[in-house]
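Novice: From first to last, the protein sequence lines are chains F and A.
Residue numbers for the first sequence follow full-length UniProt numbering, so the first one is 1 and each next one is one higher.
Residue numbers for the second sequence follow full-length UniProt numbering, so the first one is 1 and each next one is one higher.
Ideal Cβ positions, reconstructed from N, Cα and C, are used throughout, including at glycine.
Protein chains: 2
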Amino acid sequence: MKNTQAYILQHKNRFLEELLDMLRIPSISADPAYKGDVARTAEFVAEKLRSAGADLVEVFPTAGHPIVYGEKLIDPAKPTVLVYGHYDVQPADPLDLWTSGPFEPVIKKTELHPDGAIYARGSCDDKGQVYMHIKAFEAMLAAAELPCNVKFMIEGEEEVGSVNLGSFLKEHRARLDCDVILISDTSIIDNQTPSITVGLRGLSYVEVEVTAANRDLHSGVYGGAVANPINILSKMIASMQDENNHITIPGFYDNVLVVNSAERKAMNEAPFNEKHYMDDLGIASVHGEAGYTTLERTSIRPTLDVNGIWGGYIGEGAKTVLPSKAFAKISMRLVPNQDPDQITDLFSRHFKAIAPPSVRVEVRAHHGGLPVVTPTDTPEYQAAAKAMEQAFGKAPIPQRGGGSIPIVALFESILGVKSVLMGFGLDSDNIHSPNEHYGLFNFYKGIETIPYFYQYYAELK
Amino acid sequence: MKNTQAYILQHKNRFLEELLDMLRIPSISADPAYKGDVARTAEFVAEKLRSAGADLVEVFPTAGHPIVYGEKLIDPAKPTVLVYGHYDVQPADPLDLWTSGPFEPVIKKTELHPDGAIYARGSCDDKGQVYMHIKAFEAMLAAAELPCNVKFMIEGEEEVGSVNLGSFLKEHRARLDCDVILISDTSIIDNQTPSITVGLRGLSYVEVEVTAANRDLHSGVYGGAVANPINILSKMIASMQDENNHITIPGFYDNVLVVNSAERKAMNEAPFNEKHYMDDLGIASVHGEAGYTTLERTSIRPTLDVNGIWGGYIGEGAKTVLPSKAFAKISMRLVPNQDPDQITDLFSRHFKAIAPPSVRVEVRAHHGGLPVVTPTDTPEYQAAAKAMEQAFGKAPIPQRGGGSIPIVALFESILGVKSVLMGFGLDSDNIHSPNEHYGLFNFYKGIETIPYFYQYYAELK
Numbered sequence: 001m002k003n004t005q006a007y008i009l010q011h012k013n014r015f016l017e018e019l020l021d022m023l024r025i026p027s028i029s030a031d032p033a034y035k036g037d038v039a040r041t042a043e044f045v046a047e048k049l050r051s052a053g054a055d056l057v058e059v060f061p062t063a064g065h066p067i068v069y070g071e072k073l074i075d076p077a078k079p080t081v082l083v084y085g086h087y088d089v090q091p092a093d094p095l096d097l098w099t100s101g102p103f104e105p106v107i108k109k110t111e112l113h114p115d116g117a118i119y120a121r122g123s124c125d126d127k128g129q130v131y132m133h134i135k136a137f138e139a140m141l142a143a144a145e146l147p148c149n150v151k152f153m154i155e156g157e158e159e160v161g162s163v164n165l166g167s168f169l170k171e172h173r174a175r176l177d178c179d180v181i182l183i184s185d186t187s188i189i190d191n192q193t194p195s196i197t198v199g200l201r202g203l204s205y206v207e208v209e210v211t212a213a214n215r216d217l218h219s220g221v222y223g224g225a226v227a228n229p230i231n232i233l234s235k236m237i238a239s240m241q242d243e244n245n246h247i248t249i250p251g252f253y254d255n256v257l258v259v260n261s262a263e264r265k266a267m268n269e270a271p272f273n274e275k276h277y278m279d280d281l282g283i284a285s286v287h288g289e290a291g292y293t294t295l296e297r298t299s300i301r302p303t304l305d306v307n308g309i310w311g312g313y314i315g316e317g318a319k320t321v322l323p324s325k326a327f328a329k330i331s332m333r334l335v336p337n338q339d340p341d342q343i344t345d346l347f348s349r350h351f352k353a354i355a356p357p358s359v360r361v362e363v364r365a366h367h368g369g370l371p372v373v374t375p376t377d378t379p380e381y382q383a384a385a386k387a388m389e390q391a392f393g394k395a396p397i398p399q400r401g402g403g404s405i406p407i408v409a410l411f412e413s414i415l416g417v418k419s420v421l422m423g424f425g426l427d428s429d430n431i432h433s434p435n436e437h438y439g440l441f442n443f444y445k446g447i448e449t450i451p452y453f454y455q456y457y458a459e460l461k
Numbered sequence: 001m002k003n004t005q006a007y008i009l010q011h012k013n014r015f016l017e018e019l020l021d022m023l024r025i026p027s028i029s030a031d032p033a034y035k036g037d038v039a040r041t042a043e044f045v046a047e048k049l050r051s052a053g054a055d056l057v058e059v060f061p062t063a064g065h066p067i068v069y070g071e072k073l074i075d076p077a078k079p080t081v082l083v084y085g086h087y088d089v090q091p092a093d094p095l096d097l098w099t100s101g102p103f104e105p106v107i108k109k110t111e112l113h114p115d116g117a118i119y120a121r122g123s124c125d126d127k128g129q130v131y132m133h134i135k136a137f138e139a140m141l142a143a144a145e146l147p148c149n150v151k152f153m154i155e156g157e158e159e160v161g162s163v164n165l166g167s168f169l170k171e172h173r174a175r176l177d178c179d180v181i182l183i184s185d186t187s188i189i190d191n192q193t194p195s196i197t198v199g200l201r202g203l204s205y206v207e208v209e210v211t212a213a214n215r216d217l218h219s220g221v222y223g224g225a226v227a228n229p230i231n232i233l234s235k236m237i238a239s240m241q242d243e244n245n246h247i248t249i250p251g252f253y254d255n256v257l258v259v260n261s262a263e264r265k266a267m268n269e270a271p272f273n274e275k276h277y278m279d280d281l282g283i284a285s286v287h288g289e290a291g292y293t294t295l296e297r298t299s300i301r302p303t304l305d306v307n308g309i310w311g312g313y314i315g316e317g318a319k320t321v322l323p324s325k326a327f328a329k330i331s332m333r334l335v336p337n338q339d340p341d342q343i344t345d346l347f348s349r350h351f352k353a354i355a356p357p358s359v360r361v362e363v364r365a366h367h368g369g370l371p372v373v374t375p376t377d378t379p380e381y382q383a384a385a386k387a388m389e390q391a392f393g394k395a396p397i398p399q400r401g402g403g404s405i406p407i408v409a410l411f412e413s414i415l416g417v418k419s420v421l422m423g424f425g426l427d428s429d430n431i432h433s434p435n436e437h438y439g440l441f442n443f444y445k446g447i448e449t450i451p452y453f454y455q456y457y458a459e460l461k
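(1) So, using beta-carbon positions, are A/Ser29 and A/Val160 closer together than 8 Å?
(2) So which of A/Glu104, A/Ala142, A/Ala52 has the shortest CA-CA distance to A/Ala6?
(3) Below 8 Å between beta carbons: does that hold for F/Ser419 and F/Ile181?
(4) Indicate whether at least one CB of chain A lies closer than 8 Å to the CB of F/Asp190.
(5) Could you work out which residue in F/Leu9, F/Arg215, F/Thr374, F/Ser123 is closest to A/Asp280 when comparing CA atoms only?
(6) Check the Cβ of F/His366 against every Cβ in chain A and list those closer than 8 Å, keeping chain order.
(7) Which stretch, first to last residue, makes up the alpha helix (DSSP H) that contains F/Tyr277?
(8) Should A/Pro357 go down as buried or exposed, given a rule of 16 or more other Cβ atoms within 10 Å for buried?
(9) With distances taken between CB atoms, is the gap from F/Gly223 to A/Arg333 smaller than 8 Å?
(10) Near F/Leu440, what residues of its chain come up, given a Cβ to Cβ distance below 8 Å and the 5 sequence neighbours on each side ignored?
(11) Flag A/Pro434 as yes if its beta-carbon sits less than 8 Å from any beta-carbon of chain F, otherwise no.
(12) Which chain A residues are close to F/Tyr313, counting only those with a beta carbon under 8 Å from its beta carbon?
(13) Tell me, please, which residues DSSP counts as bridged to A/His218.
(14) Looking at the unbroken beta strand (DSSP E) that takes in F/Met153, where does it start and where does it end?
(15) Does DSSP classify F/Asn307 as helix, strand or coil?
(16) At a cut of 8 Å, does the stretch 355-375 of chain A reach the stretch 202-214 of chain A through at least three beta carbon pairs?
(17) Is A/Tyr87 helix, strand or coil when you go by DSSP?
(18) The beta strand (DSSP E) spanning A/Val210 covers which residue range?
(19) Can you confirm whether residue 525 of chain F, when its beta carbon is compared against all beta carbons of chain A, has any partner nearer than 8 Å?
(20) Does the contact criterion of 3 or more C-beta pairs under 8 Å hold for the stretch 91-100 of chain A versus the stretch 423-440 of chain A?
(21) According to DSSP, is F/Gln192 helix, strand or coil?
(22) With a threshold of 8 Å between beta carbons, is A/Thr294 in contact with chain F?
(23) What do you reckon, are the CB atoms on F/His86 and F/Glu155 nearer than 8 Å?
(24) Which chain F residues are close to A/Ser204, counting only those with a beta carbon under 8 Å from its beta carbon?
(25) Measure the CB-CB distance between A/Met236 and A/Ala353 and report whether it falls below 8 Å.
(26) Count the other CB atoms within 10 Å of the CB of A/Phe272; is the residue buried (16 or more) or exposed (fewer)?
(27) In this structure, what does DSSP give as the bridge partners for A/Pro398?
(28) Please determine, among F/Thr374, F/Asp126, F/Gln338, the residue with the shortest C-alpha to C-alpha distance to F/Val256.
(29) Mind checking whether F/Ala391 and F/Glu448 have CB atoms under 8 Å apart?
(30) Would you please verify whether the beta carbon of F/Leu322 is less than 8 Å from any beta carbon of chain A?
(31) Among F/Pro61, F/Thr62, F/Glu18, F/Lys35, which one has its Cα closest to the Cα of F/Lys48?
(32) Pull out every residue of the stretch 31-46 of chain A whose Cβ sits closer than 8 Å to any Cβ of chain F, in chain order.
(33) Tell me, please, whether the CB atom of F/Asn255 is closer than 8 Å to any CB atom in chain A?
(34) Interface residues of chain A around F/Ala290 at Cβ under 9 Å?
(35) In angstroms, rounded to a whole number, what distance separates the CA positions of A/Pro398 and A/Leu304?
(36) Taking only the alpha-carbon atoms, compute the straight-line gap between F/Pro371 and F/Val417 and give it to the nearest angstrom.
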């Protein structure tokens, strides 16, 4: 990969400029107002795949946002790597907390990123990490060192649950035939401590609506005699976690796989400084399920978090209203072997069961995803580990992540193929938050590592 | 009052048209964006007082919104009535629930208002009721039948706690000298059952802020290990009412005056049909403090209602954010002898005491007001009762109201004068809600009743 690495060094400034162009397009998949921008981003990705040298590049429409496909098949005898990623991004609000525009990328130096980091929504999750793959591919082709067949499938609905990807996989099953799926949408422990994600939590995401009276009321005239949907919703949410922060939904833990004490011990030996963690977040205390450490709470244990709540008067000043309705968005991160559909159903039944007769409640399911654990004794894991060791000068640590990439379970069930989660972000990169950023070190380290993965994978497979 | 009543009949259409003009000005005192409209409304009131024949009409600026004053002193030997009211209105949102524009008044017929009702924000609370007084005054003057001295004090901050009225009262104590204060900002039981309000609840209104991490976080990466401020706020709100809907703030009930069983019995004999009440509100069950009836819960018992709550992602779709902050507006209706400042203090100390170490909390006090009970053995109550009996053909029922007019207690402490609460609205008029309205019957019945009050008050005093 000598010529490939030389090519990368020579073109690194252009690679960055191109990524900044992609980051300028606000491809927010959750908000219909950005539909056109999402489509523009798909075209951008297609164009960059074409100019990198991919064949059969096509933007496939779906019932939602499009999926971009491209491939380079060099030899049927060689293994085929399918690169998966997403070009859509999370909503950027609250906008007033960004120190620069979420879609006006700028490079800023930080303590953790002394070489500079790219500040923009999607810089790390996942445009920046997708773009590493396109540029590594371009470099291997230009240097005539591509050792595998490559397929790209870059979608635009990851942040809204990949709702149309399943049917795309089924429809294009033959075209997507491959030996492994390579994904960079996760993080490493720190820039001196590479790691590979070997587990992901699943997700059940619901929206609830509590209705009391048929209209907003005067809190003096009716207050005390008519249910307040906010007070009721608060009570319902509060009751779903006990004093040990165990979730009280009946059956919730039934299928949780117990992690043995040896594995828990190994997990807690990963580099982690709780004081630094708390200082970084500005908190005086961590907060979670009794009997588990922070590293366990964010990987092997399920959660129930309210992601948004609203109801009544939320403007300036005081309004003495007894509101008609209150709403919340609630998500549960799941662990093996919890099933998202079953958990959504358990939640829904429980929420309806605990509602007092003075209100009516509705539960609407958003997207879900299965939890996954990936093995480390596979050629793809070994190839990723060797590639990282070569690029970082240090062997990576296998680590379970707390987030969810529902597509990983889908790939396994529909395509029958395992994924390798070789991401390059940092947990402190503020993905899904204001001031998302991605280190220049991480962007370039990713481009450097990826060709080694292809090299070792071709050797080990 | 024969000529006065004839004048009213002759000019009733013009009276209505003028009121509609006032309702077209969006005088929302809570929202700084409407400051100019609030000022325009004050000028409108001043102009109408002048053209009705008032002397020394003046718009007094305050640190907030202005106070309009005007007077007609006919004879120092006669009693002086001070008319108090407010020209400011509540915010109109949620706008999408209005069937016509909140500031585009229209007349619509309803089951309870077969003659039609004026639909507009402020039509009942309190522009419509203030305007009855200005027109009754005009009629008595035009008919040369005014039997008392009259002073008007119409303020623009009632909906935000009358924050500057106290200092105005102190500064203009001599000018405001009077025998009684007459207020129409309450309701009657129904159009066939007149009533006079003899009690009002007090108010403590606070805004709370709960902060966990210093920024919004990814709910997968951090969820389970870092406090979620919405979950925490829900738990804190939930814990403030027990399973009997008693409020758990230590000391909250210490000064609540126990109402004796005879008074409770009389209170529950007022016309009230709980089935109609529930049908009107579209609820399957009332909801309140154990051991009390609906009529008691809304009059002699204090409350704790969340008037607004917000935090996290509240846009369309799903965002897996672990938010940094959550907020709520919380108000407590108070009864004799609870003190709003003391209750605000108890709330604030309790809220801080129950916050877990994983969050920081802030409590900000909005406005408050003292609860009041007014006696029925006074000339002003008797005058109001006789006036209503003459206009409605039926003696009014004395009734405690659930709302708050903090100014009533202020009048008594600063001016040393009692108020009479002779309002003409209906509880179903949707004040503070979308589709606020005020019956034409009620508007005209008010104009008809007020001159009789002056007549009987001059006789009885």
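Specialist: To lay it out plainly:
(1) yes
(2) A/Ala142
(3) yes
(4) no
(5) F/Arg215
(6) Gly317, Ala318
(7) 274-281
(8) exposed
(9) yes
(10) Leu16, Ile107, His113, Asp115, Gly116, Ala117, Ile118
(11) yes
(12) Pro91, Asp93, Asn307, Gly308, Lys329
(13) A/Val321
(14) 149-155
(15) strand
(16) yes
(17) coil
(18) 202-211
(19) No information on residue 525 of chain F is available, as it lies outside the stretch 1 to 461 that chain F covers here.
(20) yes
(21) coil
(22) yes
(23) yes
(24) The contacting residues do not exist; A/Ser204 stays about 11 Å from chain F at best.
(25) no
(26) exposed
(27) A/Ile196
(28) F/Gln338
(29) yes
(30) yes
(31) F/Glu18
(32) Asp31, Pro32
(33) no
(34) Going along chain A, no residue has its Cβ under 9 Å from F/Ala290, so there is no contact; the nearest lies around 12 Å.
(35) 26 Å
(36) 16 Å
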